[in-house]
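A.B. asks: Handing you a structure now.
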Amino acid sequence: MDIPPFAEVSSTLGPFSVSAYEETEGRGCCVSCGCVLHEATRPSVLPCPTCNMVFYCSPSCLESHASAHAQYECTPLMKLKVMAANVGAQHLDVPEEFFETAFHCITTFSGIRAGKEGHEQIFTLEAHTDEVAQRFPMVPLVRDLLPNETCDAIAKVVGIIRCNALEICDATGLGVGQSLFVGKGNITSFFNHSCAPNCAIDADRNCICTVRRVYKGEELTIAYMPQLYWPAKLRQDALAERYFFSCRCERCEGSATDPFEKAIVAVQTGSRQDATKHYHAQVQTACSAVRCRGPDDLSPREVERLEALLSEMLVHLFPFHYLCHDVRNTLTFLYSVMNDTKKCLASCLQELLLWECIVPGALPVKQMKIRNALCCLSEKATDSPLLAHLGRLGVLYDVADEEPEPAA
């Protein structure tokens, strides 16, 4: 039996353990159920008044988790806050993603010690302990936070988290935390990765749902990484670094002959030598400099710099090149902040075109681009001929209530 698009196949509520990302200060997700705490609801969330590092979406989540938090999490999390501040102040060299991994170790051991449902299965999950210990030497630091746990147990849990935790993303696709699933009948942590997935995590519905029709006998898959617009080699390297496997999905295996896979690394005729290598560092630095700042700290100067960089890149790189997409994505964000709806619309549509060409299905990132484009059009001109076409696409991708009337 086939599964239709937008069908829920697994819930993302009720994880065994949750951690929030450092930049959210705990406010990105509920530490109990793992749901995203949206901007509109954040003023009403319930924090732990002692550590102020965990937040709950409802009184019921607070009631179900508060005892374990007070007994096993609150003190270690306060120590982690101090440790993270010292690391930043002294510019200490700590493993990447130390904060969220340490946070998640604390909540995972809390679930184990509290006898939470599924605790017997935790240590049966894949861990790659030796490889993780070599690449992420953080066990002594976590042991300082959890002195009652053995180094071996901590190393195992660090590996389990690295290999099995799923990222919690808000409606824009921004990561706000991560969750670990385990327990009788829970399949959420057992979805394999594909670079052309047929399922995705729906932050609004708190579930994993299909993004296209899934045919009988076809494996349900999700994407472990958001950068599906990267070329196969970069995707494979990132997955091997994070999850310790070499991706052999159908898209990766066919990348050598697929025209769109070739397009995302193509350079212009007569381009400078090593054009991709030359611009890679520039793009990462320029885009990160924008993304790490709040909207109030951004100005038209950032727009001008990125537009100039993109214009220069297009002399050497094919417009579909993944680095051009990185810059366009950041420019879309900037145009939105600056309320430049015309440029925001054009940039959104360019991004959407690339996504439509490389990955099939109603992925959340495509839904977001369609939603943003419709928003830009509604602000710009409701009689635009483009509105009817985008509206139909919105209906198809489940981001519009009904198909609009054709434009005159």
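Residue numbers (UniProt numbering): 1 to 408. Where a beta carbon is used, it is the ideal one built from N, C-alpha and C, also for glycine. Computed from a predicted model, the values in this text were never measured in an experiment.
Who pairs with Thr210 in a beta bridge, going by DSSP?
C.D. replies: The partner list for Thr210 (beta bridge, DSSP) reads Cys199.
A.B. asks: For a minimum of 4 consecutive residues, which ranges assigned as the alpha helix (DSSP H) are wholly contained in the stretch 350-395?
C.D. replies: The qualifying runs are 364-380.
A.B. asks: What would DSSP say about Asn164, mapped onto helix, strand or coil?
C.D. replies: Note: Asn164 maps to helix in three-state DSSP.
A.B. asks: For Pro76, is the classification buried or exposed, using 16 other Cβ atoms within 10 angstroms of its Cβ as the cut-off for buried?
C.D. replies: Pro76 should be labelled buried.
A.B. asks: Write down the C-beta distance between Lys323 and Val283 rounded to the nearest angstrom, noting that I regard them as a contact closer than 8 Å.
C.D. replies: A small correction: the amino acid at residue 323 is Leu; Lys does not occupy that position in the sequence shown. That pair is a contact at about 5 Å.
A.B. asks: Which residues in the same chain have their Cβ closer than 7 Å to the Cβ of Ile370, if we skip the five residues on either side of it in sequence?
C.D. replies: Contacts found: Leu352, Leu390, Leu393, Gly394, Tyr397, Val399.
A.B. asks: If contact is defined by three or more beta carbon pairs under 8 Å, each pair taking one atom from either stretch, is the stretch 255-263 in contact with the stretch 297-311?
C.D. replies: Cβ pair count under 8 Å is below three, so no.
A.B. asks: Would you please state the rounded distance, in angstroms, between the beta carbons of Ser19 and His128? I believe it to be under 8 Å.
C.D. replies: Going by Cβ atoms, the distance from Ser19 to His128 rounds to 19 Å, so no, they are not a contact pair.
A.B. asks: CA-CA distance, Thr172 and Val365?
C.D. replies: Roughly 7 Å separates the two Cα atoms.
A.B. asks: Where do the ends of the alpha helix (DSSP H) carrying Glu8 lie?
C.D. replies: That residue, Glu8, is in no alpha helix (DSSP H); its beta strand (DSSP E) goes 8-11.
A.B. asks: Counting only the same chain and skipping the five closest in sequence on each side, list residues whose C-beta sits under 7 Å from that of Ala407.
C.D. replies: In this prediction, Ala407 has a pLDDT of 37, which is less than 50 and means its spatial position is unreliable; what the coordinates show is noted afterwards. Answer for Ala407: Asp383, Ser384, Pro385, Leu387, Ala388, listed in chain order.
A.B. asks: Can we say the stretch 176-187 touches the stretch 142-156, given the rule of at least three CB pairs closer than 8 Å?
C.D. replies: No, they do not touch.
A.B. asks: Take Arg272 as the anchor and find which of Arg251, Ala7, Leu317, Lys233 has the nearest alpha-carbon.
C.D. replies: Measuring from the Cα of Arg272, the nearest candidate turns out to be Leu317.
A.B. asks: Check this for me: beta carbons of Met225 and Arg242, under 9 Å apart or not?
C.D. replies: Yes, these two residues count as a Cβ contact at 9 Å.
A.B. asks: Touch check for the stretch 95-111 and the stretch 67-74: three-plus C-beta pairs under 8 Å?
C.D. replies: Judged by Cβ distances under 8 Å, the stretch 95-111 makes contact with the stretch 67-74, as three or more pairs qualify.
A.B. asks: Applying the criterion that 16 or more other CB atoms from any shown protein chain within 10 Å of the CB defines a buried residue, is Phe123 buried or exposed?
C.D. replies: Exposed is the call here.
A.B. asks: For Leu374 and Gln350, what's the separation of their Cα atoms in angstroms?
C.D. replies: Whole-angstrom Cα-Cα distance: 14 Å.
A.B. asks: Let's test the definition: count the other Cβ atoms within 10 Å of the Cβ of Cys35 and tell me whether it reaches 16, buried, or not, exposed.
C.D. replies: Looking at its Cβ environment, which holds 16 or more other Cβ atoms inside 10 Å, Cys35 is buried.
A.B. asks: If you reduce the DSSP assignment to three classes, tell me which class Ile154 lands in.
C.D. replies: Helix at Ile154.
A.B. asks: Rounding to the nearest angstrom, what Cα-Cα distance links Ile320 and Asn372 in this structure?
C.D. replies: Checking the sequence, you will find Phe at residue 320 rather than Ile. Rounded to whole angstroms, Phe320 to Asn372 spans 20 Å at the Cα level.
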